[in-house]
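These notes concern the structure reproduced below.
Written out as structure tokens, the structure is:
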């Protein structure tokens, strides 16, 4: 599913990953942890095909991400929840979810039922459907962003601090979402500082430090 | 090919829907365009004969100034809250993304050109002798400006100084469009004895090169 061998990635000229070896099997849930600047976000962006490895190899869903076309090919099968939501302020919640679902590779416009189902899955009231995003709270935006990923049904979920900005109910919903994704055959990689919460979801914890894997509980 | 067109249409529709909601072009750029025409009138002492003679050049300078605002808006929509990263992650072809963004700018420019044409007729007393030449010039120049602007907007945003750098980068590149469109309008509005149709050829070549070059180069810019 995901395999990195001596993967090095640069942010500008700064080596954010200095030689990562990691193998994640299909259906696994993996927690990434480590101090700020350890390379967690860079690792997720590398696996999503947003960065090219400077050296080493990165293979995701059978695609070698050294080549540009391979990186673009893998992106439609992967969902990345980053620090920003990617939502358009002037579009409604429903329009944003539909746009990102179509942009992410759905051939047909997702039905209203599917959009409403995804929003309800994230604990959002369907009354928010026609509300412009600029009127949502930060937590509601985060959930809308996740709903857009749910509609796409990706094979690999890369979640960067998915609990950030959410209340207790929202955090519980995210936990359930991760469980659902794995139950549906998906693979989930979560970067989080909420160790106790995520450990309940994942027996495997990969600790990054200084841009490399410091500890992997599976090995 | 159908995926390419579907993606381009999706992006263009999204940008136009955002514009319809925010009404930045309607409420800010369009009044700015008319204000520019009025200020040119003040600067030239409201002499209608002079205004008629200079109307083609004033028209296209006003179009380029408005285009800068429309292009900056098109870029800023993708900068807010990481939408551009989302588009990159979507796996959408960069060429489709380019065509979609440029198409939305093109539609906005055509609306502004219609408004400005009405403006020079009402304010400057210009008369349209060759409507077909006006129509063709407006379309080709809008394609050229929209494609070049979308490409340079991506370039400037990648450098992180888009508001100040974009005009300096873009306006010199668009000088041939300004010259060609002004000469074509000189003929179409009867303000100078030139062959406007031959200048239309320059615009057509520029539009084709800007579209093809933009579609090819856009990917490298948004991937950086």
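Residue numbers (the working numbering), protein chains in the order written: chain A, 1 to 219; chain B, 1001 to 1224.
Every residue gets a Cβ at the ideal spot worked out from N, C-alpha and C, and that includes glycine.
Nothing here was measured: the structure is a model prediction, and the numbers come from that model.
Chain B has no Cβ within less than 8 angstroms of the Cβ of residue 137 of chain A. Taking CB atoms only, residue 179 of chain A has no neighbour in chain B less than 8 angstroms away. Three or more Cβ pairs closer than 8 angstroms define a contact, and the segment 184-201 of chain A meets that threshold against the segment 153-171 of chain A. Using a Cβ-Cβ cut-off of 8 angstroms, residue 105 of chain A counts as an interface residue toward chain B, since at least one Cβ of chain B sits closer than that to its own. Restricting attention to A:199, A:209, A:210, the CA atom closest to the CA of residue 30 of chain A is found in A:199. Taking 8 angstroms as the Cβ-Cβ cut-off, the segment 1144-1166 of chain B has no residue approaching chain A.
Nearest neighbour of residue 1155 of chain B by Cα position, chosen from B:1111, B:1060, B:1074, B:1028, turns out to be B:1074. Taking the C-beta atoms as reference points, residue 152 of chain A is found no nearer than 8 angstroms to residue 124 of chain A. Boundaries of the alpha helix (DSSP H) harbouring residue 114 of chain A: 112-121, taken from the DSSP string. Think of a sphere of 9 angstroms around the beta carbon of residue 1191 of chain B: no beta carbon from chain A falls inside it, the nearest being about 40 angstroms out. Rounded to the nearest angstrom, the gap between the Cα atoms of residue 91 of chain A and residue 1102 of chain B is 20 angstroms. Inclusion of residue 1200 of chain B and residue 1140 of chain B in the CB contact set at 8 angstroms is warranted, their separation being smaller than that value. Contact annotation: in the segment 1079-1090 of chain B, residues whose CB is within less than 7 angstroms of a CB in chain A are 1080, 1081, 1082, 1083, 1085, 1086, 1087, 1088, 1089, 1090. Here residue 1126 of chain B is buried: its Cβ has 16 or more other Cβ atoms, across all protein chains shown, within 10 Å.
Between the segment 1028-1047 of chain B and the segment 57-74 of chain A, the count of Cβ pairs shorter than 8 angstroms is below three; the stretches do not touch. The continuous beta strand (DSSP E) containing residue 15 of chain A extends over residues 14-24. Using a Cβ-Cβ cut-off of 8 angstroms, residue 94 of chain A does not count as an interface residue toward chain B, since no Cβ of chain B sits closer than that to its own.
Under DSSP, the beta-bridge partners assigned to residue 60 of chain A are A:2, A:63.
In the DSSP assignment, residue 1117 of chain B falls outside any beta strand (DSSP E) and within the unbroken alpha helix (DSSP H) covering 1094-1124. Under the Cβ distance rule, residue 99 of chain A counts among the residues neighbouring chain B, one pair being separated by less than 8 angstroms. Judged by DSSP secondary structure, residue 1011 of chain B falls outside any beta strand (DSSP E) and instead within the alpha helix (DSSP H) spanning 1002-1022.
Proximity to residue 84 of chain A across A:59, A:117, A:139, A:55 peaks at A:139, based on C-alpha coordinates. In this structure, DSSP gives residue 199 of chain A a helical state, which the three-state scheme calls helix. Under a 10 Å Cβ-count criterion, residue 1168 of chain B is classified as exposed, with fewer than 16 other Cβ atoms of the shown protein chains found around its own Cβ. The three-state secondary structure of residue 134 of chain A, taken from DSSP, is helix. Residue contact check for residue 1073 of chain B against chain A: no CB pair falls below 8 angstroms.
One thing to note: residue 1116 of chain B has its Cβ within 8 angstroms of the Cβ of residue 1062 of chain B. In the three-state reduction of the DSSP assignment, residue 1033 of chain B falls in the helix class, which pools H, G and I.
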